[in-house]
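**Q**
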Amino acid sequence: MSSSHRPKIFTLPTVSEANPWRRALYSLLRGSLEHLLSLNRLNRAYRRVSRVDGPLSFLDEVLAILDVTTQIAEREAVRIPATGPLMVVANHPFGAIEGLILARLLLGVRSDVKIMANYLVDCIPELGDLFIPVDPFGHGSAKEKNVRGLREALRWLRNGKTVAVFPAGAVSHLHVRKRTVTDPPWSPTVARLIRKAECAVLPVYFQGCNSVFFQVMGLLHPRLRTVMLPHEVTNKGGKPITVRIGRTVSFEKLAPMKSDAWMMEYLRLKTYALGVRTAGADARLEDSCPRRRAHRGNGVPKPIGGPVEAGELVSEVDRLGRDRLLLESGPYQVFHAEAQRIPRLLQEIGRLREITFREAGEGTGKAIDLDGFDPHYRHLFVWNRERRELVGAYRLGLTDHILQRFGKNGLYTSTLFTFKRPLLDLLNPALELGRSFVRPEYQRSYSPMLLLWKGIGRFVAQHPRYHLLFGPVSINSEYHALSRHLMMTFLRTHRSLPRLSRFVRAKSLRRIAPPLPWDSRRVCCVLSDLEELAALISDIEATQTGLPILLKQYLKLGGRVLGFNVDPRFSNVLDALILVDLTQAKPEWLARYMGKEALARFHAYHGTLPAAKDLARCA
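In full-length UniProt numbering, the protein residues as written are 1 to 619.
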């Protein structure tokens with residue numbers, strides 16, 4: 001069909017009004033209303049489409065006429081599976097144009113595509129075979145039409161093809177209580193389709209939202225959003241729409257989920273998590289520049305202190321003797337010592353701490369990172385004897401010594417949390433761990449951190465009464481606020497100790513999450529797997545890779561969270577207070593750090609020998 005003979009397809013419906021005066025008035029005003037609602041603009045755009053050879057070329061021309069372009073990362077575009085049954089779920093920020101974009105995106109990879117969409121795209125004859133029409137308000141005959149559409153979608157999926165859907169059923173709008181524009185709840189009907197078809201699911205996220213006027217009118221009445229959709233289709237030109245494509249979620253991952261509602265909350269989370277990174281740096285908790293953000297509470301950071309002369313460091317290491325040597329590996333040696341025995345080494349430890357923490361967006365802002373706790377703490381460090389330099393260090397607090405001499409205020413963690421007596425009694429004896437670092441030059445290798453952990457394991461093997469480890473694990477401000485909130489909620493839900501958490505109170509814990517496009521409590525009930533959480537954080541973050549390394553290590557050893565605190569003196573990092581009972585840790589993990597024979601002696605000391613099958617895995 002030539003463009004000049006295309007029919008007028010976007011029109012207001014005729015009305016069967018018995019009153020002739022009302023019928024005449026509607027007929028008189030109908031043209032003006034169509035102009036006011038931008039239906040005429042849509043018809044003009046439709047008439048401009050030249051002769052096309054199929055839906056793909058038609059979509060290309062329509063989007064070009066509307067001046068709509070997209071931004072899609074090449075590494076994400078290849079995530080669309082070329083074969084197999086696939087349900088594509090997406091957010092619905094605009095109400096119509098994203099249906100055209102999604103159709104074009106999927107047709108570029110595979111031809112077996114159906115899109116479940118509303119009336120604005122359903123009335124286009126050239127796309128009749130592409131769209132399955134649905135009515136988000138679903139009453140009367142529309143409800144029957146929706147049922148037919150669902151049956152068609154199920155048949156399509158069972159034949160190994162692709163169906164894309166906007167599970168909200170209605171356009172995103174302003175939620176006053178949430179203080180954000182987001183989809184309404186996603187329909188569990190989509191989950192039932194997924195279960196019946198046993199198909200994989202691909203999440204897709206569209207960045208953006210409709211105009212402020214649209215949001216305000218929608219607050220007056222939901223129907224006004226539908227009335228305004230034609231206008232919103234025509235005002236999206238001139239600025240690229242960013243599209244994020246997630247990783248395919250297998251049906252095997254979704255099938256065990258407790259309910260359809262939980263499945264949809266999980267898929268909504270996977271979809272909206274893609275949008276966090278596209279929102280840009282202004283969505284972060286602090287400034288966009290991590291180096292500037294790192295010292296917001298500390299003023300202008302002081303210049304880093306000068307290095308300690310290597311000869312002085314070598315002299316102190318040589319004076320420690322073999323009794324303070326925990327292990328050796330190639331050029332590396334791991335020692336532990338009291339502060340009084342290593343004054344120059346401690347000075348260098350403080351200098352390297354500050355360098356390393358500033359690199360991570362943290363830091364005290366001082367020339368060196370030493371405090372009033374260092375003098376009565378034990379210091380465990382990795383030494384490179386060939387290069388005559390410190391590699392990394394940990395600070396160990398022997399609580400039985402500290403509590404006897406200084407009381408609870410002698411513990412560094414007492415500056416972050418208030419401890420009640422029952423917990424202090426439990427932590428006597430225990431090892432408080434903190435201020436761990438590996439200097440930047442060595443961070444490309446995992447070996448230095450592994451040596452530090454092996455050093456702790458050997459220290460515990462020599463002093464087996466310290467079977468409890470505890471301390472703050474930092475989640476720094478370079479993580480997006482939503483990532484930090486997700487980690488905190490997940491850990492509270494799945495890795496907490498309520499019977500002990502009641503004896504801990506944070507000294508500073510402010511709100512760290514912006515308005516959430518999901519129910520975080522329900523999400524974390526669904527999101528119970530640590531690796532899945534790490535994958536989700538990787539989707540959100542542009543520069544981080546999953547969970548903080550130390551947090552993962554503690555959790556793999558069976559660590560539990562007692563509380564959270566925001567440390568204003570240390571760049572406002574979020575600290576999770578972790579407790580690890582090494583007698584309950586998996587033997588195969590503990591053997592990596594202690595050694596198999598030392599592990600057996602440790603368990604014999606506590607009368608907690610693991611099963612033979614567990615010990616066999618340590619070999």
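Virtual Cβ for every residue (Gly too), placed ideally from N, Cα, C.
Does the stretch 478-485 come into contact with the stretch 536-556, if we say contact requires no fewer than three beta-carbon pairs (one atom in each stretch) closer than 8 angstroms?
**A** A contact exists between the stretch 478-485 and the stretch 536-556.
**Q** Using the three-state DSSP reduction, which class does Arg467 fall into: helix, strand or coil?
**A** Residue identity check: residue 467 is His in the sequence provided, not Arg. His467 falls in the coil class under three-state DSSP.
**Q** Under the assumption that Ser501 contacts Leu416 (Cβ atoms under 8 angstroms), give the Cβ distance between them as a whole number of angstroms.
**A** Rounded, the Cβ-Cβ distance is 14 angstroms, inconsistent with contact.
**Q** Specify, as a first and last residue, the run of the alpha helix (DSSP H) that Gly218 falls within.
**A** Per DSSP, Gly218 is one residue of the alpha helix (DSSP H) stretching across 212-220.
**Q** Scan the stretch 393-459 and note each continuous alpha helix (DSSP H) run of 4 residues or more that stays entirely inside, going in chain order.
**A** 399-406, 421-426
**Q** Does the distance from the C-beta atom of Leu390 to that of Ile456 stay below 8 angstroms?
**A** no
**Q** If we count the other Cβ atoms within 10 Å of its Cβ and call it buried at 16 or more, is Ala393 buried or exposed?
**A** Buried, by the Cβ-count rule.
**Q** Determine the DSSP secondary structure at Ser308, reduced to helix, strand or coil.
**A** The residue you asked about is not Ser; residue 308 is Val in the sequence shown. Coil.
**Q** Assuming Val526 contacts Glu265 (C-beta within less than 8 angstroms), just tell me the rounded distance between them.
**A** 6 angstroms
**Q** Assuming Lys114 is part of the beta strand (DSSP E), what are its boundary residues?
**A** 113-117
**Q** Consult DSSP for Arg353 and reduce its assignment to one of helix, strand or coil.
**A** Arg353 sits in a helix when the DSSP states are folded into three classes.
**Q** From Leu202, Pro440, Glu232, Lys270, pick the residue whose C-alpha is nearest to that of Ile66; which is it?
**A** Checking the displayed sequence, the identity of residue 66 turns out to be Leu instead of Ile. The option with the nearest alpha carbon to Leu66 is Glu232.
**Q** Just to confirm before moving on: does the CB-CB distance between Ile355 and Val243 stay below 8 angstroms?
**A** No; because the gap between Cβ atoms is not below 8 angstroms, this pair is not in contact.
**Q** Which same chain residues, not among the five before or five after Ala534, have their C-beta less than 7 angstroms away from its C-beta?
**A** Closer than 7 angstroms at the Cβ level, and outside the excluded window around Ala534, lie Gly546, Leu547.
**Q** Could you give the C-beta distance for Glu432 and Leu452, rounded to a whole number, given that I count them as a contact under 8 angstroms?
**A** In fact, because the Cβ distance is near 15 angstroms, the residues do not count as touching under 8 angstroms.
**Q** If you check the beta carbons only, do Phe335 and Leu346 fall under 8 angstroms apart?
**A** no
**Q** When the Cα atoms are used, what is the spatial distance from Phe602 to Asp581?
**A** 12 angstroms
**Q** Could you give the C-beta distance for Ser508 and Asn565, rounded to a whole number, given that I count them as a contact under 8 angstroms?
**A** 6 angstroms
**Q** Grouping DSSP H, G and I as helix and E and B as strand, with all else coil, what is Cys289?
**A** Residue confidence is low: Cys289 scores 31 on pLDDT, short of 50, so the model does not pin down where it sits. Its coordinate-derived value is still stated next. Coil at Cys289, not helix or strand.
**Q** Confirm, please, whether the CB-CB distance from Trp383 to Tyr332 is below 8 angstroms.
**A** A contact, by the Cβ cut-off of 8 angstroms.
**Q** Using a threshold of 8 angstroms, state whether the C-beta atoms of Ala200 and Leu370 are closer than that.
**A** no
**Q** Kindly indicate the opening and closing residues of the beta strand (DSSP E) around Asn384.
**A** 378-384
**Q** According to DSSP, is Asp369 helix, strand or coil?
**A** coil
**Q** I'd like to know if the stretch 60-76 and the stretch 242-260 are in contact, where contact means that at least 3 CB-CB pairs between them fall below 8 angstroms.
**A** yes
**Q** Within 10 angstroms of the Cβ of Leu220, are there 16 or more other Cβ atoms? Answer buried if so, exposed if not.
**A** exposed
**Q** Between the stretch 215-229 and the stretch 189-197, do three or more beta carbon pairs fall short of 8 angstroms?
**A** The stretch 215-229, when compared against the stretch 189-197, does not touch it at the 8 angstroms Cβ threshold.
**Q** Just mark Gln584 as buried or exposed, buried being the case when its beta carbon has 16 or more other beta carbons within 10 Å.
**A** exposed
**Q** Is the beta carbon of Met116 less than 8 angstroms from the beta carbon of Ala191?
**A** no
**Q** I'd like to confirm the pairing. Which residues does DSSP put opposite Phe335 in its beta bridges?
**A** DSSP lists Leu325, Phe381 as partners of Phe335.
**Q** For a quick check, are the C-beta atoms of Arg110 and Ala82 less than 8 angstroms apart?
**A** yes
**Q** What is the rounded straight-line gap between the Cα of Trp589 and the Cα of Ile304?
**A** 37 angstroms
**Q** In angstroms, rounded to a whole number, what distance separates the CA positions of Asp260 and Leu106?
**A** 26 angstroms
**Q** Anyone know if the C-beta pair for Arg353 and Arg268 falls short of 8 angstroms?
**A** no
**Q** Quick check on the burial criterion: 16 or more other C-beta atoms within 10 angstroms. Buried or exposed for Val147?
**A** exposed
**Q** Given a threshold of 16 other Cβ atoms within 10 Å of its Cβ, counted over all protein chains shown, does Val204 qualify as buried or as exposed?
**A** Counting Cβ neighbours within 10 Å, Val204 comes out buried, since at least 16 surround it.
**Q** I believe Leu174 touches Gln215 by the beta-carbon criterion, under 8 angstroms. Please report the beta-carbon distance rounded to the nearest angstrom.
**A** Correct: roughly 4 angstroms between the Cβ atoms.
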